[in-house]
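A.B. asks: In order, the protein sequences belong to chains A and B.
Each number in my numbering comes from the position in the first sequence (counting from 1) with 642 added on.
Each number in my numbering comes from the position in the second sequence (counting from 1) with 863 added on.
Don't be surprised by glycine CBs; every beta carbon is placed ideally from N, CA and C.
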Amino acid sequence: MSRLAINGAVHEVDIDPNTPLLWVIREWVGLTGTKYGCGIAQCGACTVHVDGAAVRSCAFPARAAEGKQITTIEGLATNGVLNAVQQAWIEHDVPQCGYCQSGMIMAVAALLKVKRKPTDADIDGAITNICRCGTYQQVRAAIHTAAAKA
Amino acid sequence: MNNVPQMTRRSFLVAAAAAGGGLALGLKLPFGGPDVVRAADDLPEVNAWVVIRPDDSVVIRIARTEMGQGTMTGLAQLVAEELDCDWSKVSTEYPTPGQNLARNRVWGNFGTAGSRGIRESNEYVRKGGATARLMLIQAAANEWKVAASECSASNSVITHKPSGRTTTFGKVAEAAARIEPPKDVALKDPKDWKIAGKPVKRLDTAPKVNGSQVYGIDVKLPGLLCAAISGCPVFGGTMKSFDAAHIMSMKGVRKVVPAGDSAVAVVADHWWEAKVALDALPITWEEGSNATVTSASIAEFLKTGLDAEQAFVGNENGDAKQAIARAAKKVEAIYNFPYQHHATMEPMNATALYTADRCEVWAPTQNGEAALAVTSEASGLPLAQCDVHKMPPGGGFGRRTTHDYVQQVVAIAKQMPGTPVKLIWSREEDMTHGRYHPITQAKMVGAFDSNKNLTALHMRISGQSILAYVAPQNLQNGKDPVVFQGLNAGGAESAFGYTIPNLLIEHAMRNPHIPPHFWRGVNNNQNAIYLECFMDELAHAAGQDPLEFRRKLMLNHSKHLAVLNAVAERVGWSKPAPRGVYRGLAQHMGYGSYVAACAEVSVSNKGALKIHRIVAATDPGYAVNPAQIERQVAGSFAFGLSALLYGECTVKDGRIEQKNFDTYKVMRMDAMPKVETIVMPSGGFWGGVGEPTIFVAAPAVLNAIYAATGKRIRSIPLKNQDLKKV
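#1: Taking Cβ positions only, does B:Ile1287 come closer than 9 Å to chain A?
#2: Compile a chain-ordered list of the residues in the stretch 758-779 of chain A whose CB is closer than 8 Å to at least one CB of chain B.
#3: Taking the Cβ atom as the reference point for each residue, do B:Ala1459 and B:Val1559 lie within a distance shorter than 9 Å?
#4: Quickly, what does DSSP pair B:Asp1250 with across the bridge? List them, please.
#5: Compare the C-beta of B:Ser1497 against all C-beta atoms of chain A and say whether one is closer than 9 Å.
#6: For A:Gln604, decide whether its Cβ has a neighbour in chain B, counting only Cβ atoms nearer than 9 Å.
#7: At a CB distance below 7 Å, what residues from the stretch 725-751 of chain A approach chain B? Give them in sequence order.
#8: Give, in chain order, every unbroken run of the alpha helix (DSSP H) that is at least 4 residues long and sits entirely within the stretch 1489-1520 of chain B.
#9: Ignore the nearest five residues each way along the sequence and tell me which others in B:Glu1013's own chain have a CB closer than 7 Å to its CB.
#10: Out of curiosity, what's the CA-to-CA distance linking B:Lys1522 and B:Thr1318?
#11: Compute the beta-carbon to beta-carbon distance between B:Gly1261 and B:Arg1383, rounded to the nearest angstrom, for a pair I have assumed lies under 8 Å.
#12: Could you work out which residues of chain B lie near A:Pro626, taking near to mean beta carbons separated by less than 8 Å?
#13: For the stretch 1191-1214 of chain B, enumerate the residues whose C-beta is nearer than 9 Å to any C-beta of chain A, in chain order.
#14: Answer yes if the stretch 740-747 of chain A comes into contact with the stretch 1482-1498 of chain B, meaning at least three C-beta pairs across the two stretches below 8 Å, and no otherwise.
#15: Note down, in chain order, every chain B residue with its Cβ under 8 Å from the Cβ of A:Ala714.
#16: Determine the contact status of A:Met746 and A:Thr777, defining contact as a CB-CB distance below 9 Å.
#17: Going by other Cβ atoms of all chains shown within 10 Å of its Cβ, with 16 needed for buried, is B:Met1322 buried or exposed?
#18: If we cut at 9 Å on Cβ distances, does B:Ala887 have a partner in chain A?
#19: Could you check whether the Cβ of A:Ile682 sits closer than 9 Å to any Cβ belonging to chain B?
#20: Roughly how many whole angstroms lie between the Cα atoms of B:Pro1070 and B:Ile1477?
#21: Residues in its own chain within less than 8 Å of B:Ala1429 by CB, not counting five upstream and five downstream?
#22: Looking at B:Val922 and the ligand COA, is the gap between the Cβ and the nearest heavy atom below 8 Å?
#23: At the 9 Å Cβ level, is B:Phe1524 part of the contact set with chain A, yes or no?
#24: Measure the C-alpha to C-alpha separation of B:His1451 and B:Tyr1457 and round it to an integer number of angstroms.
#25: Which residues, in order along the stretch 931-942 of chain B, keep a beta-carbon less than 8 Å from a beta-carbon of chain A?
#26: What whole-angstrom Cβ distance do B:Val1564 and B:Gly1447 have, given they're in contact under 8 Å?
#27: What are the residues that DSSP puts in a beta bridge with A:Lys791?
#28: Compare the Cα-Cα distances from B:Ala1085 to each of B:Pro1483, B:Gly1281, B:Leu1366 and B:His1300 and report the closest residue.
#29: Return the bridge partner residues of B:Met1307 from the DSSP annotation.
#30: Within 9 Å of any Cβ in chain A, is that where the Cβ of B:Gly1257 sits?
#31: Please report how far the alpha carbon of B:Asp1533 lies from the alpha carbon of A:Thr761, in whole angstroms.
#32: Let me see if you follow: with CB-CB separation under 9 Å, is A:Arg668 close to chain B or not?
#33: Which residues in chain B sit within 9 Å of A:Gly675, going by Cβ to Cβ distance?
#34: B:Thr1147 touches chain A at which residues, Cβ-Cβ below 7 Å?
#35: Within a Cβ cutoff of 7 Å, which residues of the same chain sit near B:Phe1381, ignoring the five residues on either side of it in sequence?
#36: Using a Cβ distance threshold of 8 Å, determine whether the stretch 1209-1216 of chain B contacts the stretch 1187-1200 of chain B, with at least three qualifying pairs required.
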């Protein structure tokens, strides 16, 4: 049994401890907002926070997250109030198909914790998530909006 | 909660039973009548497109698939516009393909490809909205015992003008559903639109920012098991044997089953367990004769078509060969375009529940009716005993118009009756078992007279036909007309934009074994590169400005020319670009829309390319939602430039070599240029939006690279090219 603290709740799961955190979150805990895209930490669709830092959970063994606070897209809002990044995403109508956006939002939320007012170059360096619909222009605008309000 | 709720089966049965006497409006539309048709929540539907609740909330039915392109919001805008309802009270739902079938295809075509979602259904959905409005007004007039002509509707409120009495849609919806629908309805002039034509926000954003949107990969059902699959790595090969005993004791594993004759699946409690077991499963393949094919052998095969005697003619006037033979000056170039993978962010997946008398599928699909047909065929059950629940696709780009993954999941579920099974392809399975952008080469020859006038153009395309693979019955005496997208002599779909005295455009079909398919932009992608880069070559060969050179040939093509002029004006073509920045132009027409782009790039001394800005113009006839059009234009550049910069699937030993995003790279934030969009609808026709601007992405950038470096790149992707200045 592994014990994982996800969005403030502790889950005991019967897994091989090498199981990637992504699949534990999706299939054992049942939170499906975190997405599978590549399985090799390339695309970022699976991004969650582990102790506040962005982690690509498809290549992050669950055992490495034991004893730490895991936050998924479902846990990003506080008492029902959307995070500034989520609000900016709505303001800018960012998502198209939306599949990559959970990971995109989690990556940006983590960036804004360490870089309150990121420049375009900061964004290019830190936000390497893949979006095939090509929402990058709206993502960039929404990041600046979220940063301005934070 | 899913933003696009499905109608329930119970309500559907009620609706189907009541759908007897329809009225033909291009389709057989049952518009209510004496037997009231009821919707998902047991409320009366005013007609097939519109359901109104007592609280005035409006549910608009959407038949086409929303996969990010904004069609769902746009179609809802068109219905709401004619309905004259309160836009803030609108939500949407998908009918299922089975419901459509049972109601004589009341919702028309579900297919969502070729940028057709709005342009090919706008008329009947607007009529659906307008008819519902007239029925609601009639119901209010009946209640007040006044003439309907004295009443009008606005913002979900009906007003009797002489008396000033008002009521709301919600209060009269039940009565409206019983009214005989009007025989004909007039549609509004688009210049009077108040909801359509406006940059309203998408209806489906909220669940996409908090993780609550349920995609196909997220489907949960009681007792659900998950399957991982491995198909023969060589297309055309088969599965010979597998050793299930080797993995049956692994954690979570329930069953190992063949899925068709070329794949094997492991079914487990969780997908990850299935995947781990599948990786350990000994499988023997019968790879077949394709196992020796390589990218080099394919290139050689295509090369034979460049000068072959036999070819299909797509567009011809004058005598190009003779004019070239007599030319004062001749320019010749050979271009090529590689295989590309769709790489939807959500890998292929589907869920199926099979029992002896019914098969239900939950799947991301661009064509629910095609998915239903595959479900019926694979299950062996009649269509009426099957249904498909359309899940919002995490990207489509053409890939989900074909349903190999549905066929597989039904084949698996059929071996486990009563147990729902979710099949998910790993990214590696997805990349190596795709349906790829077809591979082609082109030989371009241009001829000038002694006054540097272009007298002839000969374009010989050699390569793969999509139709020959997906719908050979649609070939015309062997010819694939789709190959000539954007090169046709005329027509509303994809007309050539130049007048050249002697013209010959032909195709020598060469079909390698790699399965081709529709891929955002389809054949326009390479055709626009071949034509627009060669136009740039011709302009330079004639010592003329590329814009002026084109303009002279476009005098009879005013819509093509208008978008080109618009980008030239916005970018300031007549003035120098910023220092170190170089420009390139391209124009093209396809899916009913006219598009053009100007790219601004710089190339460093070391050959590093930076695409600074793209100014793009599109004339789609009508602009239903300008804000969403801008997003589609920007997105189409991300997709098209991904292909230009990195996209290439190579073949070795008969299989695709690239397996994941580490070797099949796509554009990320850092490479995305600033995209400025000019939406310039000229009216009188309906063009598409999701694809057209992708056509001009690559050629505009390639022409700008030539301006910057003097290097003419005729082979993509650019990752294989040295861009250092000559």
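C.D. replies: Once the coordinates are examined:
#1: yes
#2: Ile765, Asp766, Gly767, Ile769, Thr770, Asn771, Ile772, Cys773, Arg774, Cys775, Gly776, Thr777, Tyr778 and Gln779
#3: Their beta carbons are under 9 Å apart, which means B:Ala1459 touches B:Val1559 by this criterion.
#4: Per DSSP, B:Glu1223.
#5: Residue 1497 of chain B is actually Ala in this sequence, not Ser. Closer than 9 Å to some Cβ of chain A, the Cβ of B:Ala1497 qualifies, so yes.
#6: Since the first and last residues shown for chain A are 643 and 792, residue 604 of chain A lies out of range.
#7: Gln728, Trp731, Ile732, Asp735, Pro737, Gln738, Cys739, Gly740, Tyr741, Cys742, Gln743, Ser744 and Ile747
#8: 1489-1508
#9: These residues qualify, in order along the chain: His1023, Lys1024 and Pro1025.
#10: 47 Å
#11: 6 Å
#12: The structure shown has nothing for residue 626 of chain A, since chain A only spans 643 to 792.
#13: Correct list: His1205, Ala1206, Thr1207, Met1208, Glu1209 and Pro1210.
#14: no
#15: The sequence shown places Thr at residue 714 of chain A, rather than the Ala named in the question. Going along chain B in sequence order, the residues near A:Thr714 (Cβ under 8 Å) are Gly1074.
#16: yes
#17: By the neighbour-count rule (16 or more Cβ atoms within 10 Å), B:Met1322 is buried.
#18: Reliability fails at B:Ala887, whose pLDDT of 24 lies under 50, so the model's placement of it is uncertain and the value that follows must be treated cautiously. By this cut-off, B:Ala887 is not an interface position.
#19: yes
#20: When rounded, the distance between both Cα atoms is 31 Å.
#21: Its chain contains Ala1459, Ala1480, Ile1541 and Met1543 as the residues whose beta carbon lies nearer than 8 Å to that of B:Ala1429, once the 5 sequence neighbours on both sides are disregarded; these appear in chain order.
#22: This structure lacks the ligand COA; in fact it carries no ligand of any kind.
#23: B:Phe1524 counts as touching chain A.
#24: 6 Å
#25: When C-beta distances to chain A are compared with 8 Å, the residues of the stretch 931-942 of chain B below that value are Gly931, Gln932 and Gly933, in chain order.
#26: 6 Å
#27: Note: A:Lys791 sits in no beta bridge, so no partner.
#28: Reading off the sequence, residue 1085 of chain B comes out as Pro, not Ala. Of the listed residues, the one whose Cα sits closest to B:Pro1085 is B:Gly1281.
#29: According to DSSP, B:Met1307 bridges with B:Ala1196 and B:Met1322.
#30: For B:Gly1257, at least one C-beta of chain A is nearer than 9 Å to its own C-beta.
#31: 12 Å
#32: yes
#33: Asn1073, Gly1074, Ser1075, Gln1076 and Asp1081
#34: Correct list: empty, because the minimum Cβ distance to chain A is about 25 Å.
#35: Result list for B:Phe1381: Ala976, Gly1261, Thr1264 and Ile1329, in chain order.
#36: no
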